[in-house]
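The sequence shown begins at 209 in my numbering and counts up one residue at a time.
All residues carry an ideal CB built from backbone N, CA and C; glycine is no exception.
Please read the structure below before turning to the comments.
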Amino acid sequence: MKKRQKRQLFWSLAGAAGVFGVLALALRWNYFFSAALAVGVYFGLWLLLTPRPDLLTLYVAGHPDAAQLQEMMEEAALDLVHVKTTTGKIDDSQTRQDAAALAQTGDRIFDYLKDHPEQIPSAHRFLTYYLDTVGRVLDQYVAHQDAALSTAEVEAFQQKVRQTLPGLRVGFENQLARLMASGRFDAEADLQVMESLLKMEGLS
């Protein structure tokens, strides 16, 4: 039995036993009636404590490419953690801030995809390439930084990274805006229909 199920069982039994103890022993209610209520409390707590599957889990479970989608999201989550961990090792404050802002935008995209899993295929390149590449670039930046190299090639590479990070953040924001576009278009269409109806009914 998994740890989560053990906790669920423990609290359900504890709640049922508590109800039975109070009713039957403390208040001297009928044992059978108290037991019936305790059983109801047990099943009620069990259902209440049963974790509800999130939208991502439900969507992936019914998708023909479930394993691939799940793997993409899991790898993207690891890539995001790696980017944020590497960002914390950057000495230059501005570069660290730019990398952190990029990671925050990546988090917003990832959270949006968890709430709108039908958009995961549209973010395939972001999930499988962009995050991994950013992580590898930051790895190299930190490695050269820690090695204290000052050759022209290293300085040019570091400068290139500093210049590129803000643009990458803009690209990530555009990716999020593109993912959200369909929902925005639907809302705009709803507004137009509502405005038309108000005019037809003389309420505008």
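Opening and closing residue of the alpha helix (DSSP H) in which residue i lies
{"i": "A307", "result": "301-323"}
{"i": "Y349", "result": "339-355"}
Close Cβ partners of residue i (< 7 Å) along its chain, the five nearest in sequence each way excluded
{"i": "L310", "result": "V342, L373, L376, R377, F380"}
{"i": "V227", "result": "L245, A246, V249"}
{"i": "Q366", "result": "Y349, H352"}
{"i": "L288", "result": "A311, G314, D315, F318, L339"}
{"i": "A389", "result": "none"}
Closest by C-alpha distance to residue i, when choosing among the options
{"i": "H290", "options": "D340, E326, V249", "result": "D340"}
{"i": "Y338", "options": "I317, V350, Y349, A355", "result": "I317"}
{"i": "D315", "options": "P329, L253, L286, G296", "result": "L286"}
{"i": "V350", "options": "A360, Q400, D299, L288", "result": "D299"}
{"i": "R333", "options": "L384, K407, A389", "result": "L384"}
{"i": "K297", "options": "M402, G410, D354", "result": "D354"}
{"i": "L217", "options": "M281, W237, L256", "result": "L256"}
{"i": "E279", "options": "P329, W237, R236, V230", "result": "P329"}
Pair within 9 Å by beta-carbon distance, residue i and residue j
{"i": "L346", "j": "A331", "result": "no"}
{"i": "L335", "j": "E283", "result": "yes"}
{"i": "L277", "j": "Q327", "result": "no"}
{"i": "L253", "j": "A234", "result": "no"}
{"i": "A308", "j": "T295", "result": "yes"}
{"i": "F251", "j": "S220", "result": "yes"}
Chain-order list of residues whose beta-carbon lies under 6 Å from that of residue i (same chain, five-residue window excluded)
{"i": "T303", "result": "R370"}
{"i": "H352", "result": "V362"}
{"i": "H324", "result": "none"}
{"i": "A232", "result": "Y239, S242"}
Close-in-space but distant-in-sequence residues of the same chain around residue i (CB under 8 Å, 5 per side omitted)
{"i": "D306", "result": "R370, L373, P374, R377"}
Chain D contact for residue i (CB, 9 Å cutoff)
{"i": "F241", "result": "Going by chain labels, chain D is absent from the structure shown, which holds only one protein chain."}
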